[in-house]
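For reference, the structure is listed below as structure tokens.
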Amino acid sequence: MRTLMLVLLVTGLLLPAGLRAEGLLELLGPNPNKKPISEEFHSGDPLAKEKIALLSLNGVIMSQKLPLGGTMDVVETLRMQLAYAEKDADLKGILLEIDSPGGGITASDILHRALAQTRAKGKKVVCLLEDVAASGGYFVAVAAERIYAHPSTITGSIGVIVKSVNVEGLYDKVGLRDVTIKSSNTPLKDMLSSTRAMTDEEKKVMQGLLDQMYDLFVETVATDRKMPLEKVRKLADGRVYSAREAKDAGLIDAIGFRDDAMAELTRLCGLAKTPKIVR
792 MRTLMLVLLV
802 TGLLLPAGLR
812 AEGLLELLGP
822 NPNKKPISEE
832 FHSGDPLAKE
842 KIALLSLNGV
852 IMSQKLPLGG
862 TMDVVETLRM
872 QLAYAEKDAD
882 LKGILLEIDS
892 PGGGITASDI
902 LHRALAQTRA
912 KGKKVVCLLE
922 DVAASGGYFV
932 AVAAERIYAH
942 PSTITGSIGV
952 IVKSVNVEGL
962 YDKVGLRDVT
972 IKSSNTPLKD
982 MLSSTRAMTD
992 EEKKVMQGLL
1002 DQMYDLFVET
1012 VATDRKMPLE
1022 KVRKLADGRV
1032 YSAREAKDAG
1042 LIDAIGFRDD
1052 AMAELTRLCG
1062 LAKTPKIVR
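Numbering (my numbering), first residue to last: 792 to 1070.
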């Protein structure tokens, strides 16, 4: 039996087993038919030359292939939006609102790097954490110059997880037998097989991989948040934090709402007048 291994930076709080199909599609991100690049007036001064972009990152952070051939790709959408913003000389800053339980480690790392590159191009970036911005969602956020969170935000969940289901007992009950043939020199080829228990060697290999990815997560937080590595390690036991706890721990900068985050971004951009806010 083929096993799909997906390494995740994700909190399980919002992934109930009974999630309806349409609910899963909503969780995975925006409508794939929506154009990823557009600019519409949102608020502020419509006649102002200087602009601030209001962007969002919603749902599980990964590329999701749809049954009919479409792609629900929150990663590529945000990357394209950031690239578009980088080329606009009148656009001075970006407010990124994040509502995500996390996702794939590579997808999260790609978006983190994209935000860092946007900052390197001279754009100011502030992140506003919404209902949940945990694990991979928080990984992305630390690339911002400032992190705000709503009073009711759940964040943190710094860690890496791989999950697998063992149905060996079920197979025994219904009389099924899995037949797997591996090449002679690849005994670890079917790690995380769903039809047998993992061996001690397989557990050791998987643990080593996850620990390396965990180190990447912790080091990224420590570097971007300018925190001692050991302090981050103590915080990074997988637990989630309330906004107040995250603020006290130094994981975020302030608690507030969109207006507060926008005011701070306007200040960072050095804008004396109300800018045009687009999305």
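Using N, Cα and C, we set each Cβ at its ideal position, and we do this for glycine too.
- Between the C-alpha atoms of Ser834 and Thr1065 there is a straight-line separation of about 10 Å.
- When the five nearest sequence neighbours on each side are left out, the beta carbons in the same chain lying within less than 8 Å of the beta carbon of Ala839 are those of Lys1064, Thr1065, Pro1066, Lys1067, in order along the chain.
- Taking the CA atoms as reference points, Gly895 sits about 23 Å from Tyr939.
- Residue nearest to Gly927 within the set Ile1046, Met982, Glu830, Ile889 is Ile889 (criterion: CA-CA distance).
- C-alpha of Leu1059 to C-alpha of Leu919: approximately 15 Å in a straight line.
- The DSSP-derived three-state label of Ile1043 is coil.
- Within the model, the alpha-carbon separation for Arg1049 versus Glu936 is close to 16 Å.
- Nearest to Thr944 by alpha-carbon distance, out of Gly1047, Val1069, Arg1024, Ala911, is Gly1047.
- Here His941 carries a coil assignment [DSSP, helix/strand/coil].
- When Cβ pairs closer than 8 Å are counted between the two stretches, the stretch 982–990 is seen to touch the stretch 958–965, the count reaching three or more.
- Of the other Cβ atoms in all chains shown, fewer than 16 fall within 10 Å of the Cβ of Asp1028; this residue is therefore exposed.
- Residue burial annotation: Glu841 is buried, with at least 16 other C-beta atoms found within 10 angstroms of its C-beta.
- Cβ-Cβ distances below 6 Å link Leu1026 to Ala1040 in the same chain, with the five nearest sequence neighbours on each side left out; the list follows chain order.
- Glu867 and Val931 have their C-alpha atoms roughly 14 Å apart.
- The C-beta distance from Ser891 to Gly950 rounds to 15 Å, too long to meet the 8 Å contact threshold.
- Asn957 is not bridged by DSSP to any residue.
- Taking His941 as reference, the option from Glu1036, Leu1062, Lys883, Pro837 with the minimal CA-CA separation is Glu1036.
- Cβ-Cβ separation between Leu886 and Met997: approximately 38 Å, too far for a contact (criterion under 8 Å).
- The three-state reading of DSSP puts Thr946 in strand, counting E and B together.
- Residue pairing by DSSP places Phe1008 opposite no residue, since no beta bridge is assigned to it.
- Glu921 and Ala844 have their C-alpha atoms spaced approximately 17 Å apart.
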